[in-house]
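Heads up, the thing below is written out as structure tokens.
Numbering (my numbering), first residue to last: 439 to 688.
Below you can see the structure in the form of structure tokens.
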């Protein structure tokens with residue numbers, strides 16, 4: 439069993455997976471330390487592990503993973519991956535973005551892919567049907583947009599939105615106006631990228647992932663063609679990490 443760890447800006451996502459990509463169990467940690475690693479190895483029959491982080495990883499976590507794993511991968515820009523990375527500065531590319539690209543390619547190996555990760559920031563990445571990571575864009579995340587509206591104005595409140603809340607087209611009060619402006623703004627961003635790609639190529643798939651993806655999922659699908667093109671994958675980064683771990687073991 440493989441232990442896959444995706445350490446983000448606000449939380450750490452963990453999954454126990456088989457080499458074939460089946461998720462046995464998954465967890466979310468607000469903080470993640472070496473004691474958590476020890477506990478996972480004590481409770482489950484873990485043989486191999488991989489960790490990816492967009493923040494500084496504690497040395498104790500790395501040491502524990504290395505000590506308790508038969509095969510351990512500390513994922514960085516030097517790690518071999520089963521796609522071609524054409525990014526000009528691979529050392530600055532977030533490992534979560536590359537792992538998501540690998541995860542999407544493992545699901546749809548022969549298609550053009552747009553990967554949208556709605557987390558603390560929103561990333562838009564493209565992988566060609568030839569398996570080349572072409573590049574991507576970074577935009578402010580939902581919380582960042584809500585926070586900046588409140589901090590950079592004198593009278594606008596800080597708004598919180600329920601995950602499955604249906605957003606109106608136009609708000610009839612200030613709270614709904616802010617919610618619609620942010621959520622629908624991101625939804626239209628997503629549709630805009632999809633529309634632009636649709637004009638350039640006949641076939642592609644869009645993968646939506648990230649902790650805040652459900653906030654916009656119900657507000658982005660408007661046509662049957664878009665529903666066919668759009669696929670929500672909650673564990674896309676973890677699936678990519680598992681694929682990278684298995685690739686390196688082989």
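Glycine included, each C-beta is placed from N, C-alpha and C at the ideal position. Keep in mind it's a predicted model, so treat the numbers as computed, not measured.
- It is roughly 44 angstroms from the alpha-carbon of residue 515 to the alpha-carbon of residue 593.
- The beta carbon of residue 449 sits closer than 8 angstroms to the beta carbons of 466, 467, 468 and 649 from its chain, once the five residues preceding and following it are set aside; these are given in chain order.
- DSSP, reduced to helix, strand and coil, places residue 522 within a strand of the structure shown.
- When secondary structure is reduced to three states using DSSP, residue 541 falls in the helix class.
- Per DSSP, the beta bridge partners of residue 467 are 450.
- If you draw a straight line from the Cα of residue 483 to the Cα of residue 518, it is about 26 angstroms long.
- Taken through DSSP and simplified to helix, strand or coil, residue 678 comes out as helix.
- The beta-bridge partner set that DSSP reports for residue 445 consists of 450 and 491.
- With contacts defined by Cβ atoms closer than 8 angstroms, residue 583 and residue 540 do not form a contacting pair.
- Shown here, residue 574 sits in a strand according to DSSP, grouped into three states.
- Ranked by Cα distance from residue 547, the first of 554, 574, 562 and 521 is 521.
- Looking at the DSSP output, residue 559 shares a beta bridge with 578.
- Straight-line measurement puts the Cα of residue 671 at about 31 angstroms from the Cα of residue 497.
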